[in-house]
Amino acid sequence: MSLTEQLEAYLTRTTGLPTKVVAMARIPGGASRETYRFDADVGGTIKPLILRRDPVGSLIDTDRRLEFLAFRSFHGRGLPVPEAIALEEEGAELERPFFIMGRIDGGKAGSPFSAPPYGDHARAIGEQFFGHLGAIAAADPLTLPISEAAEAPALDACWKRELDYWSGVIEADELHPQPIVRAAIRRLRANPPPPAQKLSVVHGDYRTGNFLHDGEGRVIALLDWEMAHLGDPLEDLGWAMDPLWCYGETERVCGMVPRAQAIALWEKASGLKVDLKAFAWWELFASVKGQAIWTSSAKEFRDGGLKDPVLGFSGWYTARRQDIILADRLSQGMALLEAQA
Numbered sequence: 032m033s034l035t036e037q038l039e040a041y042l043t044r045t046t047g048l049p050t051k052v053v054a055m056a057r058i059p060g061g062a063s064r065e066t067y068r069f070d071a072d073v074g075g076t077i078k079p080l081i082l083r084r085d086p087v088g089s090l091i092d093t094d095r096r097l098e099f100l101a102f103r104s105f106h107g108r109g110l111p112v113p114e115a116i117a118l119e120e121e122g123a124e125l126e127r128p129f130f131i132m133g134r135i136d137g138g139k140a141g142s143p144f145s146a147p148p149y150g151d152h153a154r155a156i157g158e159q160f161f162g163h164l165g166a167i168a169a170a171d172p173l174t175l176p177i178s179e180a181a182e183a184p185a186l187d188a189c190w191k192r193e194l195d196y197w198s199g200v201i202e203a204d205e206l207h208p209q210p211i212v213r214a215a216i217r218r219l220r221a222n223p224p225p226p227a228q229k230l231s232v233v234h235g236d237y238r239t240g241n242f243l244h245d246g247e248g249r250v251i252a253l254l255d256w257e258m259a260h261l262g263d264p265l266e267d268l269g270w271a272m273d274p275l276w277c278y279g280e281t282e283r284v285c286g287m288v289p290r291a292q293a294i295a296l297w298e299k300a301s302g303l304k305v306d307l308k309a310f311a312w313w314e315l316f317a318s319v320k321g322q323a324i325w326t327s328s329a330k331e332f333r334d335g336g337l338k339d340p341v342l343g344f345s346g347w348y349t350a351r352r353q354d355i356i357l358a359d360r361l362s363q364g365m366a367l368l369e370a371q372a
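Under our numbering, the letters of the sequence shown match residues 32 to 372, in that order.
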């Protein structure tokens, strides 16, 4: 039985109405789920949907229930987040775990490896991009569905949990010595940040390429919540502002707005203040986390588990670019220490 037929059988059973799946197509990319777009004809009503199914192997180990509950936590709360519709952790007719969510059509996603895509709408996109991130940080996670599955760390333990996890990924997956990222990990451990101001939902991969805009200055969908967790809200801000996503620009973060404005937008929406010392830690951490992901990409590509060329590119070019960012940040930190001596 084909995947289309399996999906029709599942939807017919769960809706109680004869259902046909049409225009089903695989969406390329994605490190942790197979993603398909399709239309479901449910008793004559067409519903545009997305299927996210666990692959046989996965680059990033993520919790599908957490991802599903993250969508459910923010859909309908003033943010452009698709509706989470159904979750099947045992696989049901599709044999592997999956969930189904609503589809938002008509959007464009910018690539961090191409020319800045926002043109005259860069400022408007940036205001929404950092405003939405601040709104996520402002929410009380313990009142949201995601709290059903996400561990709530102590405020002074958020940094260590994340650093332990991502340094562990590097330890497990690296194919050659990586002295630059190792030096960054040592720096982070030796200089921990202050406790988080509050516990927040952390999107985990909030960046250029993981949202859709309509081409006219409006953000219409916040996507890719597979790494969502609870933690320090500065983690998301540091990741969003990593130079890797900035198209080589130095004046505008993510090709959108200047750095100071991005921070101010986030502060206004979150109700929090950016402690610059803490933020410097999370910015360096973001590049360590990035290098961990590219390290896993290289291993998966070489070992043949996932032969997507994007993985080879990530393990080669992107990893080297992240090394340059890490080295720059380490040298800036040393210069600051020397100036204070």
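Even glycine gets a Cβ: it sits at the ideal position worked out from N, Cα and C.
Check                                                                                                                                                         : Outcome
Can you tell me the Cβ-Cβ gap for L254 and R220, rounded? I've got them flagged as a contact below 8 Å.                                                       : Between R220 and L254 the Cβ distance is about 33 Å, and since that is not below 8 Å, they are no contact.
Based on DSSP bridge pairs, tell me the residues matched to T66.                                                                                              : I58 and R83
Using C-beta distances below 6 Å, list every residue in its chain close to A101, excluding the 5 sequence neighbours before and after it, in chain order.     : I177, W256 and A259
Roughly how many whole angstroms lie between the Cα atoms of C189 and L357?                                                                                   : 21 Å
Starting from A214, trace the alpha helix (DSSP H) both ways and give me its first and last residue.                                                          : P210 to A221
Mind checking T239: buried by the 16 CB within 10 Å criterion, or exposed?                                                                                    : buried
For K406, does the count of other Cβ atoms within 10 angstroms reach 16, so buried, or fall short, so exposed?                                                : With the chain running from 32 to 372 in the structure shown, residue 406 is simply not present.
Are the CB atoms of P49 and D136 nearer to each other than 9 Å?                                                                                               : no
Should C285 and F160 be called a contact, given that it needs their Cβ atoms to be closer than 9 Å?                                                           : yes
Measuring CA to CA, which of E65, L82, T45 and R64 is closest to V53?                                                                                         : L82
Among residues of its own chain, excluding the 5 on either side of E182, which ones have a beta-carbon nearer than 8 Å to its beta-carbon?                    : H260 and L261
Per DSSP, which one or two residues make a beta bridge with D334?                                                                                             : According to DSSP, which records beta bridges pairwise, D334 is partnered with nothing at all.
Report the option in F99, H106, E126 and R108 whose CA atom is closest to the CA atom of A117.                                                                : F99
So the candidates are L110, T174 and R360; which of them puts its Cα closest to the Cα of L164?                                                               : L110
Straight-line CA distance for R217 to S327?                                                                                                                   : 20 Å
Checking the sheet assignment: what are the DSSP bridge partners for T76?                                                                                     : V73
Secondary structure at K308, three-state DSSP: helix, strand or coil?                                                                                         : helix
Relative to the alpha-carbon of V112, which residue among A309, D72 and A252 has its alpha-carbon at the smallest distance?                                   : A252
Going by beta carbon distance, what residues of the same chain come within less than 7 Å of D245, once the five residues before and after it are set aside?   : G137, G138 and I251
In the DSSP assignment, find the unbroken beta strand (DSSP E) run with L243 in it and report its ends.                                                       : F242 to H244
Taking one C-beta from the segment 337-348 and one from the segment 282-296 each time, how about it: are there three or more such pairs within less than 8 Å? : no
Would you call the CB atoms of L275 and R154 closer than 9 Å?                                                                                                 : no
Give me whichever residues DSSP pairs with I131 in a beta bridge.                                                                                             : L82 and A117
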